[in-house]
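Chemist: The structure is given below, and queries will be raised subsequently.
Number of protein chains: 2
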Amino acid sequence: MKLSSKARYGLYVAVELAKRYEQSEPVSVQTLAQATGVTEKYLEQIIALMKKQNVVVSLRGAGGGYRLRQTPEQTTVGQVLRAVENDLQIVDCLHGECSGKCNCVMFNLWDKLYENINSYLDTISLKNLLEGL
Amino acid sequence: MKLSSKARYGLYVAVELAKRYEQSEPVSVQTLAQATGVTEKYLEQIIALMKKQNVVVSLRGAGGGYRLRQTPEQTTVGQVLRAVENDLQIVDCLHGECSGKCNCVMFNLWDKLYENINSYLDTISLKNLLEGL
DNA sequence: ATAATATCCTAGTAAAAAGGTAGGAATACT
DNA sequence: AGTATTCCTACCTTTTTACTAGGATATTAT
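The listed protein sequences correspond, in order, to chains A and B.
Just so you know, we're using the numbering used here here: the first sequence kicks off at 1 and counts up by one.
Just so you know, we're using the numbering used here here: the second sequence kicks off at 1 and counts up by one.
Rendered as structure tokens:
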């Protein structure tokens with residue numbers, strides 16, 4: 001139930017991108033690596049996950065880099081964490097085959113807990129974070 | 001961010017104890033192992049964690065076993081999970097030394113998320129679970 | 001007493017997941 | 001052409017998880 005480093009770094013990156021959202025140029029991994037203190041190679045992988053979920057968009061080639069797809073107001077912490085944390089899923093049976101393996105007294109519990117966490121995380125935007133919540 | 005097997009089994013055990021709360025005899029690990037399908041030796045360890053946090057009480061010797069310390073109404077899912085999941089803590093800096101290592105834009109976020117999850121889990125009692133939530 | 005039934009305590013181990021490193025191909029700007 | 005950048009994927013090391021196992025200790029029943 002601990003957040004992974006991917007989750008922390010991913011959100012960190014998102015915050016950095018939010019800070020620079022106004023500027024026209026995209027932000028390179030190199031820059032992000034310096035800002036966050038994480039290696040470029042590792043950040044690349046993390047950002048790739050965010051791209052896959054359309055949290056960020058990329059521009060290749062020299063002068064390229066990444067931008068948030070939506071504004072810092074529109075981008076939520078939930079979006080970022082779901083993209084990066086391969087499952088924020090709590091327990092397998094929620095979206096897998098639950099054929100008798102799990103005791104479903106608890107199914108409702110996990111389901112509602114999951115919903116609870118996510119709806120909370122979606123109320124918080126990157127802008128909120130920048131402003132100190 | 002996925003729940004461990006300890007958490008699932010621990011809650012499962014707690015539910016079994018809740019079912020048998022009315023009966024006067026304590027429930028042995030053997031019985032619980034049969035009910036849950038988990039080995040005795042592994043359950044022992046899990047239950048030990050619950051005992052340490054006073055979720056359950058034990059009676060040693062022949063005819064001994066475990067009981068919930070409080071009623072199924074009073075015992076919450078949060079109590080069980082916190083006892084068993086060594087940290088439901090989400091992120092280290094919350095209760096550790098956060099000397100500059102974490103970037104505290106996010107401190108508030110983790111803190112509030114943690115609080116959010118726990119207060120939710122504490123609204124649900126074992127009795128609620130038994131009744132289908 | 002002694003045997004039987006339990007909890008309690010601790011060490012070890014195999015498999016999986018996390019966290020990170022590395023190399024190089026593809027793409028776009030100058 | 002050359003350089004800066006993303007993109008793709010394979011590999012490795014460390015930590016954590018999920019268990020297994022052995023035996024000590026306590027309580028009850030005979």
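Backbone N, C-alpha and C fix where the C-beta goes; we use that ideal spot for every residue, glycine too.
As the structure is a prediction and not an experimental result, all values here were calculated from the model.
Pull up the distance between the alpha-carbon of B/V105 and that of A/Q30, whole angstroms please.
Modeler: 21 Å
Chemist: Against chain B, with Cβ distances strictly below 9 Å, would A/E25 count as a contact?
Modeler: Not an interface residue.
Chemist: Leaving out five residues before and five after A/L49 in sequence, what residues of the same chain have Cβ atoms less than 6 Å from its Cβ?
Modeler: So the qualifying residues of the chain are A83, V84.
Chemist: Identify every run of the beta strand (DSSP E) within the segment 33-68 of chain A, keeping only runs that are complete inside it and at least 3 residues long; order them along the chain.
Modeler: 56-59, 65-68
Chemist: Skipping 5 residues on each side, what residues in its chain have a beta carbon closer than 7 Å to that of B/L11?
Modeler: Excluding sequence neighbours, B/L11 sits near V77, V80, L81.
Chemist: Along the segment 115-129 of chain A, what residues have a CB closer than 8 Å to any CB found in chain B?
Modeler: N116, I117, Y120, L121, I124, L129
Chemist: How far does the alpha helix (DSSP H) with A/G78 in it reach, from first residue to last?
Modeler: 77-84
Chemist: According to the neighbour-count rule (16 or more other Cβ atoms, all chains shown, within 10 Å of its Cβ), is A/R20 buried or exposed?
Modeler: buried
Chemist: Secondary structure at A/V155, three-state DSSP: helix, strand or coil?
Modeler: Lying outside 1 to 133, the shown extent of chain A, residue 155 of chain A is not represented and no answer is given.
Chemist: Using Cβ-Cβ distances below 8 Å, what residues of the segment 43-55 of chain A are close to chain B?
Modeler: If the cut-off is 8 Å between Cβ atoms, the segment 43-55 of chain A has nothing near chain B.
Chemist: Per the contact definition of three or more C-beta pairs closer than 8 Å, is the segment 22-37 of chain A in contact with the segment 59-79 of chain A?
Modeler: yes
Chemist: Thinking just about the alpha-carbon of each residue, which of B/T36, B/F107, B/K6 is nearest to the one in B/L17?
Modeler: Answer by Cα proximity: B/T36.
Chemist: So what does DSSP say about A/S119, is it helix, strand or coil?
Modeler: helix
Chemist: Mapping the DSSP letters down to three states, classify B/S125 as helix, strand or coil.
Modeler: strand
Chemist: Closer than 9 Å, CB to CB, is A/G132 near chain B or not?
Modeler: Yes, A/G132 counts as interfacial toward chain B.
Chemist: Please confirm whether B/V15 has its beta-carbon closer than 9 Å to some beta-carbon of chain A.
Modeler: yes
Chemist: Note down, in chain order, each residue of its chain lying with its Cβ closer than 6 Å to the Cβ of A/G100, except the 5 sequence neighbours on either side.
Modeler: In this prediction, A/G100 scores a pLDDT of 45, lower than 50, which makes its location untrustworthy; the coordinate-derived value is nonetheless stated afterwards. So no residue of the chain qualifies.
Chemist: Count the other CB atoms, across all protein chains shown, that sit within 10 Å of the CB of B/T75; report buried if there are 16 or more and exposed otherwise.
Modeler: buried
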